[in-house]
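Q: Before I ask anything, here is the structure I am working with.
Numbering (the numbering used here), first residue to last: -6 to 866.
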């Protein structure tokens, strides 16, 4: 028998084990991170360009984009160290670091695991985990809307769950680009019932639905003040197919007069209690309208929506009390009471349980443990209007934390007489608008908060009205501006801080109030105590245009070589600059990403007004980012019509905010706000009626069916409204065309008195009817979701327009220029099929502005963009 030496056997085992480990590692990455599967030969190029933002040679697929919102694939930062603050969907239990590591290969894929990770409240918590877990408050979205029409959100972070305060428009996009795990959000707390605080709920539910593909159903609980049922009614008007999300609406009831407040959320980590504030007294609840059946009414019966004052009703602030820290265990007393070392009874006492020693004597936790230390307390304050301020100052639930000290025993928030003089505020997050914070009474109340808490002023004025949602989009716009300054204008300049608000900040500084602006992604650490304080490491920084251009000239000088040719080509303009202007407010797919927002286009006819073609979530904010406050407000006042192509939420979720903002701007100019014509599918009417019970608007509705073929069949009143809008815009023909995406999908063709013709088709396969209607158009805007390699999938599964098919029919229609939108990350900034037809085809970007006079420059601008995103090595 032949024998092998022991070292040789050991070496063979180690070698085989190494191969197995490598195989398991590759299998794990390809299973959990699909991006690893198709890198192929481009992997080296991908790694070389990984330090760039949009200039990578490979882009994530739609599937990757979907999971990016909940699973951070890049577990390490560029220095090679693990970034625990951005641990994506797999946060570790930081209280159990000494325990054994879990076998990574045994993890379930994210799709099937996401549901089980959500149900973390069912886990058993010990006293140790409640006070050693990582927790912080993070600001989301402040300054994203320079017009101040949306409320920022506040994220309360724990190891295994997230609690979100307010969910304004763009929330899902924020989670995606910041790589925050959206699927961990279990509860949403609204400070008021308004589109400003809840406009992003529809997009958030859509994002959760895309990430939750298991058989189980995820429940999202929405808490809010009286009137929450109106929001529920509006949300239910939009039905999602194959939903894996159940949304529970929990209206807060409180006896405000007695000061008692039942917690709306309570678990071993935190207790959240409401503080109700009313505008100058009791608020009478409006009676909701009578339901009119499930079938949408015909457009001929449509009437203008109710136009009211838009007053905010009952608001709610939230007191967030983290669990107290247990006192120190006294081992000497424990031994005296008959509890020997390593006794399991000691562990029970640490968990707050009463035990019986060997002599039959009861031992309570207070017998062997020191007094507990109160946990941090956070107050989320939203005082919507000056009329709510008196109620905030007099709120009995806040007497223990703010106001003049009267020497009397202070009641606990839940109404008992234990007293909490030792418990003070740790952090106060102010969501109140700048005009309220500027009031002397408000700043005096801030100064009266005991314990010198950290005040975070979370409003656009405090953050210098930062118009960009992130440094990424701001930097991208500046890089594109170097290619063509007309197509890609720089972001709008921020307005100056109001003098009254600057004076309020001065008063706070003189009063010694510890205050700071709550910038986007700013954190305030609550636990562990040693880390308590502000953390600005995650806040984005905006680079100046001069710095961006200088760096681009050094790294990619070829980008600037074609600029003289672009200027020369502009001399061949077919139309004057006063013909029309197209602003692409959103060019992405259903789930917005840091690259592209949801669908939205603004058609501006200089001197005549404008029209919006589809309005996905956050369209209003994009309008402000493009034009700035004054010009954006002028655009809203001069809107003549809105066209909604179909009932997918990424095409109409931003419409209520536009209608509400327009009404607010026009309300002070005349006694009656003229209604805005909204043309959309029949189901849109009930959706808008439900929203009008929350935020008043002034609009008149027309069904797209009444515009088919250019033969308007609407009742006289609606026909007059359409004729008026068409005349004011200078149009000679307004033609609707039915599509094939669903029963209520429509395309649009416009013809103008100056001779230009434009076609728009959204989320639908190209039809011969539309091709004939749009024949010889100067501009054809097509939404396409698939490249040539995945055309069959896009057509069969969702009947969406494949890119190659759309371009093919567009060329058959003899259109001069085709502009593609609704592009996912899979296609990259410039799809391959666009490059093959670059003389007549262009890929749109967010905030891209195309004046019809600049149409001849599109092909040359595409050459510069290709150099920008595909640098020559």
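Where a beta carbon is used, it is the ideal one built from N, C-alpha and C, also for glycine.
Since we're looking at a predicted model, the values are computed, not measured.
Quick check on residue 516: does DSSP put it in helix, strand or coil?
A: Walking along the chain shown from the start, residue 516 turns up at place 523. Strand.
Q: In terms of DSSP beta bridges, what is residue 603 paired with?
A: Along the chain shown, read from residue 1 onward, the residue named residue 603 stands at position 610. Answer by DSSP bridge pairing, in chain order: 597, 632.
Q: Can you grab the Cα-Cα spacing for the pair residue 69 / residue 501, in whole Å?
A: Here residue 69 is taken as the residue at index 76 of the chain shown, counted from 1. Here residue 501 is taken as the residue at index 508 of the chain shown, counted from 1. Any answer about residue 69 is weak, because its pLDDT of 36 lies below 50 and its placement is not dependable; what the coordinates show is given next. Their backbone Cα atoms lie some 40 Å apart in a straight line.
Q: Looking at the secondary structure, which residues open and close the beta strand (DSSP E) in which residue 364 lies?
A: For the purposes of this step, residue 364 is identified with residue 371 of the chain shown, where counting begins at 1. Here residue 364 belongs to no beta strand (DSSP E), and DSSP marks it neither H nor E.
Q: Between the segment 464 to 484 and the segment 154 to 169, do three or more beta carbon pairs fall short of 8 Å?
A: They do not touch, by the three-pair rule.
Q: Suppose the cutoff is 6 Å on Cβ atoms and the five residues either side in sequence are ignored; what does the same chain contact list for residue 848 look like?
A: Residue 848 sits at position 855 when you count from the first residue of the chain shown. Taken in chain order, the residues that qualify are 810.
Q: Just checking my contact of residue 480 with residue 841 at CB under 8 Å: how many whole Å lie between their CB atoms?
A: Against the chain shown, residue 480 aligns to sequence position 487. Against the chain shown, residue 841 aligns to sequence position 848. Sure, about 6 Å apart at Cβ, within 8 Å.
Q: Between 761, 764, 722, which has its C-alpha nearest residue 746's C-alpha?
A: As a position in the chain shown, residue 746 is number 753, starting the count at 1. When each option's Cα is compared against that of residue 746, the closest is 722.
Q: Ordered along the chain, which non-local residues of its own chain (more than five positions away) have a Cβ less than 8 Å from that of residue 600?
A: Start at 1 with the first residue of the chain shown, and residue 600 comes out as number 607. Counting only Cβ-Cβ distances below 8 Å, and skipping sequence neighbours, we find 571.
Q: From residue 752 to residue 211, what does the alpha carbon distance come to, in whole angstroms?
A: For the purposes of this step, residue 752 is taken as residue 759 along the chain shown, with counting starting at 1. For the purposes of this step, residue 211 is taken as residue 218 along the chain shown, with counting starting at 1. About 41 Å.
Q: So, helix, strand or coil for residue 822, using DSSP?
A: Here residue 822 is taken as the residue at index 829 of the chain shown, counted from 1. Residue state, collapsed to three classes: coil.
Q: Residue 425: which of 349, 449, 330 sits nearest, CA to CA?
A: Stepping through the chain shown from its first residue, residue 425 is reached at position 432. Checked all of 349, 449, 330; the closest Cα to residue 425 is 449.
Q: Assuming the contact rule is C-beta atoms closer than 8 Å, residue 307 and residue 269 should be a hit. Round their C-beta distance to whole Å, please.
A: Stepping through the chain shown from its first residue, residue 307 is reached at position 314. Stepping through the chain shown from its first residue, residue 269 is reached at position 276. Yes, they are in contact, since the Cβ atoms of residue 307 and residue 269 sit about 6 Å apart, within 8 Å.
Q: Quick one, which of 639, 652, 712 has its alpha-carbon nearest residue 632's?
A: Within the chain shown, numbered from 1, the residue matching residue 632 stands at position 639. Of the candidates 639, 652, 712, the one whose C-alpha sits nearest the C-alpha of residue 632 is 652.
Q: Classify residue 337 as buried or exposed, calling it buried when 16 or more other Cβ atoms lie within 10 Å of its own Cβ.
A: Looking up residue 337 in the chain shown gives position 344. By the 10 Å Cβ count, residue 337 comes out exposed.
Q: Could you pull out every unbroken alpha helix (DSSP H) segment of at least 4 residues lying fully inside the segment 611 to 662, listed in chain order?
A: Those alpha helix (DSSP H) runs which fall completely within the segment 611 to 662 and span 4+ residues are 612 to 630, 642 to 645, 648 to 660.
Q: Between residue 806 and residue 824, is the Cβ-Cβ spacing less than 8 Å?
A: For this step, residue 806 is matched to residue 813 along the chain shown. For this step, residue 824 is matched to residue 831 along the chain shown. Going by C-beta atoms, residue 806 is not nearer than 8 Å to residue 824.
Q: Classify residue 375 as buried or exposed, calling it buried when 16 or more other Cβ atoms lie within 10 Å of its own Cβ.
A: Counting from one through the chain shown, the residue named residue 375 turns up at place 382. Buried is the call here.
Q: Out of curiosity, what's the CA-to-CA distance linking residue 666 and residue 237?
A: In the chain shown, counting from the first residue as 1, residue 666 sits at position 673. In the chain shown, counting from the first residue as 1, residue 237 sits at position 244. Computed Cα separation, rounded: 41 Å.
Q: What did DSSP end up calling residue 840 once you bin it into helix, strand or coil?
A: Walking along the chain shown from the start, residue 840 turns up at place 847. If DSSP states are grouped into helix, strand and coil, residue 840 belongs with coil.
Q: Could you spell out where the beta strand (DSSP E) holding residue 244 opens and where it closes?
A: Translated into positions along the chain shown, residue 244 becomes position 251. Note, residue 244: beta strand (DSSP E), 238 to 244.
Q: Which of the three DSSP states, helix, strand or coil, is assigned to residue 343?
A: Stepping through the chain shown from its first residue, residue 343 is reached at position 350. Residue state, collapsed to three classes: helix.
Q: Please confirm whether residue 869 and residue 730 have their CB atoms less than 8 Å apart.
A: Nothing in the structure corresponds to residue 869, since the chain is present only between -6 and 866.
Q: Which residues mark the beginning and the end of the beta strand (DSSP E) in which residue 308 is found?
A: Numbered from 1 along the chain shown, position 315 holds the residue referred to as residue 308. 308 to 315 is the extent of the beta strand (DSSP E) around residue 308.
Q: Is residue 722 helix, strand or coil when you go by DSSP?
A: By one-based count along the chain shown, residue 722 stands at place 729. Helix.
Q: Go ahead and pull the three-state DSSP assignment for residue 608.
A: Taking the chain shown and counting its residues from 1, the one referred to as residue 608 is at position 615. Three-state result, residue 608: strand.
Q: Based on Cα-Cα distance, which residue from 442, 350, 384, 359 lies nearest to residue 395?
A: On the chain shown, position 402 is the one that residue 395 refers to. Ranking the options by Cα distance to residue 395, first place goes to 442.
Q: Assign residue 528 to one of three DSSP states: helix, strand, or coil.
A: Numbered from its first residue, the chain shown carries residue 528 at position 535. DSSP places residue 528 in strand when its eight states are reduced to three.
Q: Can you tell me whether residue 483 is buried or exposed, with buried defined as 16 or more other CB within 10 angstroms of its CB?
A: Numbered from 1 along the chain shown, position 490 holds the residue referred to as residue 483. When all chains shown are included, residue 483 counts as exposed.
Q: What residue from 470, 575, 175, 578 has the CA that sits closest to residue 203's CA?
A: Start at 1 with the first residue of the chain shown, and residue 203 comes out as number 210. It is 175.
Q: Identify every residue that forms a DSSP beta bridge with residue 545.
A: Within the chain shown, residue 545 is the residue found at index 552, counting from 1. The partner list for residue 545 (beta bridge, DSSP) is empty, contrary to what the question assumes.
Q: Taking the runs of the alpha helix (DSSP H) that are 4 residues or longer, which of them lie wholly in the segment 160 to 241?
A: Counting only runs of 4 or more, we get 164 to 170, 188 to 191, 194 to 204, 221 to 229.
Q: Could you name the residues of the same chain whose beta carbon sits closer than 6 Å to that of residue 684, not counting the 5 residues immediately before and after it, in chain order?
A: Against the chain shown, residue 684 aligns to sequence position 691. Excluding residues within five positions, the ones whose Cβ falls inside 6 Å are 227, 649.
Q: With distance defined between alpha-carbon atoms, name the residue in 265, 548, 393 nearest to residue 312.
A: Mapped onto the chain shown, residue 312 falls at position 319. Residue 265 is the option with its Cα nearest to residue 312.
Q: Does DSSP classify residue 689 as helix, strand or coil?
A: As a first step, residue 689 is located in the chain shown; it is residue number 696 there, counting from the start. It is coil, neither helix nor strand.
Q: Label residue 416 either buried or exposed according to how many other C-beta atoms from any shown protein chain fall within 10 Å of its C-beta, with 16 as the threshold for buried.
A: By 1-based counting over the chain shown, the position of residue 416 is 423. Classification of residue 416: buried, given that the 10 Å Cβ count is 16 or more.
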